[in-house]
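K.L.:
Under UniProt numbering, think of the first position of the sequence shown as 1, with each following residue one higher. C-beta atoms are modelled at their ideal positions from N, C-alpha and C, and glycine is treated no differently. The structure's right below; bear with me while I get my questions together.
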Amino acid sequence: MKGIKKIFWAVWRVWFYVVMLIPILIMCPFLVASILTERGYPYFFKMSRIWAKCVLFGMGFYYKVEKIQNLDPHKSYMFVANHTSMTDIMLMLAAVKNPFVFVGKMSLAKIPLFGFFYKRTSILVDRSCSKSRMEVFDEAQKRIDRGLSICIFPEGGVPHDESILLDTFKDGAFRLAVEHELPIVPLVFPDNKKRLSYTFYSGSPGLMRVKILPYVETAGKKGVLDRKEIKEEVRDLIYNELLDISPVLETPSPYMMSNSATLNGGATLFLTTFTLVRLPNTLSPSFI
């Protein structure tokens, strides 16, 4: 029985990358055309949402969005959410209708095909370069002036310890939001870790819930203390929702942990053949 489950999980994980690639190849000419000019980004965003839904449904996931407050389709926001899975990016795109851009790491632009579109549609930042971090503010303003929103996962990545419900938040998202007076919209993804975590032999098709919480205003709050208070407020909102609606997290068995370590070390055929298995933990739109 364990052997059958291992085969299922391995094939299912490989299928994840296949189902990510197929829609990109099909839509590639239209995607390229949409990024030739700045005015084409809304069309690129619509196709990105189609891609995201194809990936989710192709993996057997179906999502349900609960909104506590309606958003103005003509207003710019800062979207933030907890980050636990490779599917967080897809779920964010599927759940949010307001066109937004991700803020992410410069290194991701080197990934074949993905990087081609990524560097032309996202705001890139080199965390090791203070100049690059400051340029993010100018780039964000350009997107906001075009009526776009910004999206960042403020944890800065997925915690290696999967027992962590919500990691500490970095300052970048809140510095940007305060600087540009963007209302911050917290989103809660309680099921993504259960559906497709970074433990290789885990996950299953099923429901992915999304809860969009009321936005937090930042207008007129320019001080450092204001920014810290906003960051703590937003984190508390997401954390408390996760406590209320998250499934009980199970402690990984020694079997899963040992096999996960082996896979992450590159000792299996699947990891050797599909090297992208090691990439998703870097696919985290995050900023300093």
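1. To the nearest angstrom, how far is the alpha carbon of M47 from that of V18?
2. Express the C-alpha separation of D191 and L148 in angstroms, rounding to a whole number.
3. Going by other Cβ atoms of all chains shown within 10 Å of its Cβ, with 16 needed for buried, is I230 buried or exposed?
4. Less than 7 Å separating the beta-carbons of M78 and I184?
5. Provide the residue(s) that pair with M78 in DSSP beta bridges, ordered along the chain.
6. Apart from the five residues just before and just after F117, which ones in its own chain have a Cβ nearer than 7 Å to its Cβ?
7. Alpha carbons only, please: which of G60, F45, A33 and I26 is nearest the one belonging to W15?
8. Please return the same chain residues whose Cβ sits closer than 7 Å to the Cβ of L207, not counting the five positions on each side in sequence.
9. Using C-beta distances below 6 Å, list every residue in its chain close to Y255, excluding the 5 sequence neighbours before and after it, in chain order.
10. Assign A95 to one of three DSSP states: helix, strand, or coil.
11. Looking at C-alpha atoms only, which residue of R49, R143 and V125 is the closest neighbour of E135?
12. From I50 to F57, what does the alpha carbon distance come to, in whole angstroms?
13. Pick out whichever of E181, V234, Y43 and K211 has its Cα sitting closest to the Cα of T168.
14. Is it right to say K228 is buried, meaning 16 or more other beta carbons lie within 10 angstroms of its own, or is it exposed?
15. In whole angstroms, what is the alpha-carbon distance linking residue 289 and L196?
16. Got a sec, what are the start and stop residues for the beta strand (DSSP E) I123 sits in?
17. Considering only the beta carbon of each residue, do A173 and T218 sit closer than 7 Å?
18. Need the endpoints of the beta strand (DSSP E) that I111 sits in, please.
19. To the nearest angstrom, report how far apart P214 and K67 are at their CA atoms.
20. Rounded C-beta distance between T199 and E155? I'm assuming under 8 Å.
21. By the three-class DSSP mapping on this structure, what secondary structure does E66 have?
22. With DSSP run on the structure shown, which of helix, strand or coil describes V11?
23. Do you know how far the Cα of K170 is from the Cα of residue 289?
24. If you draw a straight line from the alpha carbon of A10 to that of P205, how long is it in whole angstroms?
25. Using the Cα positions of C129 and K119, report the straight-line distance between them to the nearest angstrom.
26. From the DSSP output, read off the bridge partner residues of F100.
27. Under 8 Å by Cβ, that's how I've got V188 and E241 pegged, so tell me the actual separation to the nearest angstrom.
28. Is the Cβ-Cβ distance between F102 and S122 less than 7 Å?
29. Suppose the cutoff is 7 Å on Cβ atoms and the five residues either side in sequence are ignored; what does the same chain contact list for I238 look like?
30. From the DSSP output, in three-state form, read off K105 for me.
P.N.:
Short version:
1. The alpha-carbon of M47 is positioned some 18 Å away from that of V18.
2. 28 Å
3. buried
4. yes
5. Paired residue(s): I150 and I184.
6. L31 and I35
7. G60
8. Y62, K64 and D191, listed in sequence order.
9. Any reading at Y255 needs caution, since the residue's pLDDT is 33, under 50, leaving its predicted position unreliable; the model's value is listed next. Excluding residues within five positions, none has a Cβ falling inside 6 Å.
10. Assigned with DSSP and collapsed to three states, A95 falls in helix.
11. When only C-alpha atoms are compared, the closest one is V125.
12. 11 Å
13. Selected option, being the one with the closest Cα: V234.
14. exposed
15. Nothing can be reported for residue 289, as the shown portion of the chain is limited to 1 through 288.
16. I123 to V125
17. no
18. Segment: none, I111 is in no beta strand (DSSP E) and carries neither H nor E.
19. 8 Å
20. Going by Cβ atoms, the distance from T199 to E155 rounds to 18 Å, so no, they are not a contact pair.
21. strand
22. helix
23. For residue 289 there is no data in the structure shown, the boundaries of the chain being 1 and 288.
24. Cα-Cα distance, rounded: 14 Å.
25. 17 Å
26. S149
27. Taking 8 Å as the upper bound for CB-CB distance, V188 and E241 are in contact here, some 4 Å apart.
28. yes
29. Counting only Cβ-Cβ distances below 7 Å, and skipping sequence neighbours, we find N82, L166, P186 and V188.
30. strand
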